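Numbering (my numbering), first residue to last: 94 to 243.
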């Protein structure tokens, strides 16, 4: 049986690379640990959505952070993680249909982008996510939601 990886949410990656965050050390340790856990097929136990990578660049380059990264540094982080084996999962052709089905029963304007991530996860057969914002994903019974920072 092949174990599907858990996705990491944007906030875990941002905390790991935002040295001014109170969660920096714990998120960095968590990410470092997960980046060394491979299954019997040599695959990492985590993955990340394409949208989360884009959100990471948006968040980590914000000028109000204590030590924001440059856009190039943020892209370099993503490239580095990919070079280390992190898989970026992409929306499938079915995403808009899955997204529409999800918002029929779980619509929230504030969670619209989290719902898009959830649709990508569902379409790719990913049934778990590591996030510091567990409330953003707990409405979806197919998704196991874990906050690794508590």
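Even glycine gets a Cβ: it sits at the ideal position worked out from N, Cα and C. Computed from a predicted model, the values in this text were never measured in an experiment.
| Exposed or buried, which one is residue 197 when buried takes at least 16 other CB atoms within 10 Å? | Residue numbering aside, residue 197 sits at position 104 when the chain shown is read from its first letter. It is exposed - the Cβ of residue 197 has fewer than 16 other Cβ atoms within 10 Å.
| request: Tell me, to the nearest whole angstrom, how far the beta carbon of residue 220 is from that of residue 200; I am working on the premise that it is less than 8 Å. | output: As a working mapping, residue 220 is identified with position 127 in the chain shown. As a working mapping, residue 200 is identified with position 107 in the chain shown. The pair is not a contact, with the Cβ atoms about 22 Å apart (cut-off 8 Å).
| field | DSSP-derived helix/strand/coil call for residue 137 | value | Numbered from 1 along the chain shown, position 44 holds the residue referred to as residue 137. It is a strand residue.
| Where does residue 219 sit, in a helix, a strand or coil, going by DSSP? | Locating residue 219 in the chain shown gives position 126, counting from the first residue. Reduced to three states, the DSSP call for residue 219 is coil.
| request: State the Cα-Cα distance for the pair residue 129 and residue 137, rounded to the nearest angstrom. | output: Indexing the chain shown from 1 puts residue 129 at position 36. Indexing the chain shown from 1 puts residue 137 at position 44. Taking the straight line from one Cα to the other gives about 7 Å.
| request: State the CB to CB distance for the pair residue 141 and residue 193, rounded to an integer number of angstroms; the pair is presumed to be in contact (CB under 8 Å). | output: Taking the chain shown and counting its residues from 1, one reaches residue 141 at position 48. Taking the chain shown and counting its residues from 1, one reaches residue 193 at position 100. Between residue 193 and residue 141 the Cβ distance is about 24 Å, and since that is not below 8 Å, they are no contact.
| query | Under 9 Å between the Cβ atoms of residue 144 and residue 230? | reply | Numbered from 1 along the chain shown, position 51 holds the residue referred to as residue 144. Numbered from 1 along the chain shown, position 137 holds the residue referred to as residue 230. No.
| For residue 142, which three-state DSSP category applies? | Sequence index remark: in the chain shown, residue 142 carries index 49 (1-based). Correct three-state label for residue 142: strand.
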